Amino acid sequence: MTAKELVMHIEEEAAFNSVMQFLHCYEKQDIEGCLSALTSSRPLMLLGTNEGEVFRSAEEIRTAFSRDFGCMNDIRWGEPHHVHVAANDTLASVIIELPVSYQTAGKTEKTLFRHALTLNKEDGLWKICGGMASVPFSAGTYSFT
Numbered sequence: 014m015t016a017k018e019l020v021m022h023i024e025e026e027a028a029f030n031s032v033m034q035f036l037h038c039y040e041k042q043d044i045e046g047c048l049s050a051l052t053s054s055r056p057l058m059l060l061g062t063n064e065g066e067v068f069r070s071a072e073e074i075r076t077a078f079s080r081d082f083g084c085m086n087d088i089r090w091g092e093p094h095h096v097h098v099a100a101n102d103t104l105a106s107v108i109i110e111l112p113v114s115y116q117t118a119g120k121t122e123k124t125l126f127r128h129a130l131t132l133n134k135e136d137g138l139w140k141i142c143g144g145m146a147s148v149p150f151s152a153g154t155y156s157f158t
C-alpha cells in the first residue's frame, strides 16, 4: 500500500467513524452531540425522510430532533448492511444502510434507514455538511404510474 493509499484509507475510516458517532448520539437522544457533528464552516443542507424536511441550519436540526425524541424512545441502530465510503483531503462521502428499531406510542417499530452524507474537513475533523435520509419501501408497495 502506498503512502497516499494509506492516508485515503485513514481518511475514509475517520469519516465513517464520524458518521457512526453522529448516529450513536442520535440513538442516545443527545441533540448537542448530534449538532457537534455538523459543519460550522460551510452551508448545511440535510433532507429528512418526510416531504417537508429540508434543513439548512443547526437550529432547524435541533427542532426536528427534539420533535423526533418527543415521540421516539429506545432508539437502536443495528449493524450496517451496506457501506460505501470515499474521501480525499477535504471532502468525504459516506453512504450507509442499517436497521433501526424504536418505541413509539407503546409499540416497537423496526425498519431500514439509509443515509447518504457528505462531510468536510474542519479543524482536522470530519463534519457533516450535506446529506439525506430515506426509509425504503418493500418491493411492490408503491407505483410510479
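Reading the sequence shown from the start, the letters are residues 14 to 158 in this note's numbering. C-beta: ideal position from N, C-alpha, C; glycine also. Computed from a prediction, not measured in an experiment: that's the story for all the values here.
Query, Result
"Residues of its chain near Met58, where Cβ-Cβ distance is below 6 Å and the 5 sequence neighbours each way are ignored", "Arg69, Gly143"
"C-beta atoms of Glu66 and Ala77 nearer than 8 Å", "yes"
"Cβ pair count under 8 Å reaching 3, the segment 124 to 133 against the segment 80 to 87", "no"
"Same chain, Cβ closer than 7 Å to Thr103, neighbours up to 5 away in sequence not counted", "Asn133, Lys134"
"Buried/exposed call for Cys47, threshold 16 Cβ in 10 Å", "buried"
"Three-state secondary structure assigned by DSSP to Met42", "Strictly speaking, residue 42 in this sequence is Gln, with Met absent from that position. Gln42: coil per DSSP, three-state reduction."
"Boundaries of the beta strand (DSSP E) in which Asp81 is found, first to last residue", "That residue, Asp81, is in no beta strand (DSSP E); its alpha helix (DSSP H) goes 71 to 84."
"Cβ-Cβ separation, Gln42 to Ile109 (assumed contact under 8 Å), whole Å", "Contact flag wrong, Cβ pair sits at about 20 Å."
"Beta-carbon spacing of Trp139, Ala105 below 8 Å", "yes"
"C-alpha distance - Ser53 paired with Arg75, whole-angstrom precision", "14 Å"
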